[in-house]
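Below is one structure; the comments refer to it alone.
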Amino acid sequence: IDGLNLFDGSDGHYFREGEVGHHDEWGTRCFNYGSYEVLRFLLGNLLWWIEEYRFDGFRFDGVTAMLYFHRGIHWQFLGGASEYFSHHVDAEAVAYLTLANQMLREALPPVVTVAEDVSGFAGLCRPVFQGGCGFDFRLGMGPPDEW
């Protein structure tokens with residue numbers, strides 16, 4: 082991401098501008114999933130890995146940080162519907178993840194996708210045609226930390 086940060090001298094060429102575009106815990110930037118150019122860049126990269134290297138699956142890292150504007154930082158997820166359907170949810174990120182899964186399934190039907198998520202986001206592993214995000218599996222990072 083360092084190579085894309087301030088690529089054109091602005092704060093928001095590929096990323097959200099201002100404070101919401103920074104993940105302070107990780108020291109990284111947050112993509113602007115509502116931008117056509119960003120979607121083209123990210124979706125194109127997924128297709129490239131399939132076509133050039135014959136990848137048959139993807140693990141999407143840090144999905145919780147993508148799904149919520151609070152990035153899951155200092156947030157306790159209790160499983161209530163209000164956690165998943167509120168102003169805290171980045172609908173553009175949800176749309177990107179759904180598009181990515183749908184596109185991957187059309188490009189390579191046996192593809193496997195895994196979402197690393199600690200929130201238990203409702204519908205994350207439901208098929209797109211059922212209104213979900215389309216992931217095959219959820220890698221919950223919270224339980225191993227409890228052992």
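Residues 82 to 228 (our numbering) make up the sequence shown, in order. Positions of the beta carbon are idealized from the N, C-alpha and C atoms, including for glycine.
The residues Phe-141, Val-144, Leu-205, Phe-216 and Arg-219, in chain order, have a CB closer than 6 angstroms to that of Ala-196 in the same chain once the five nearest residues on each side in sequence are set aside. By the Cβ neighbour-count rule, Asp-137 is exposed, with fewer than 16 other Cβ atoms within 10 Å of its own. Annotation: Ala-203 is outside any beta strand (DSSP E) and is labelled neither H nor E by DSSP. When only Cα atoms are considered, Arg-152 and Cys-111 end up about 10 angstroms apart. Pairwise C-beta distances place the region 183-191 out of contact with the region 100-108, as fewer than three of them are shorter than 8 angstroms.
Under the three-state reduction of DSSP, Leu-220 is assigned to strand. In this chain, the beta strand (DSSP E) harbouring Val-193 covers 193-197. Of the other Cβ atoms in all chains shown, 16 or more fall within 10 Å of the Cβ of Ala-174; this residue is therefore buried. The beta carbon of Pro-190 sits closer than 8 angstroms to no other beta carbon from its chain once the five residues preceding and following it are set aside. Listed as beta-bridge partners of His-103 by DSSP are Arg-110.
No Cβ-Cβ contact shorter than 7 angstroms links Leu-123 with Phe-202. When the five nearest sequence neighbours on each side are left out, no beta carbon in the same chain lies closer than 7 angstroms to the beta carbon of Phe-210.
DSSP, reduced to helix, strand and coil, places Arg-140 within a strand of the structure shown.
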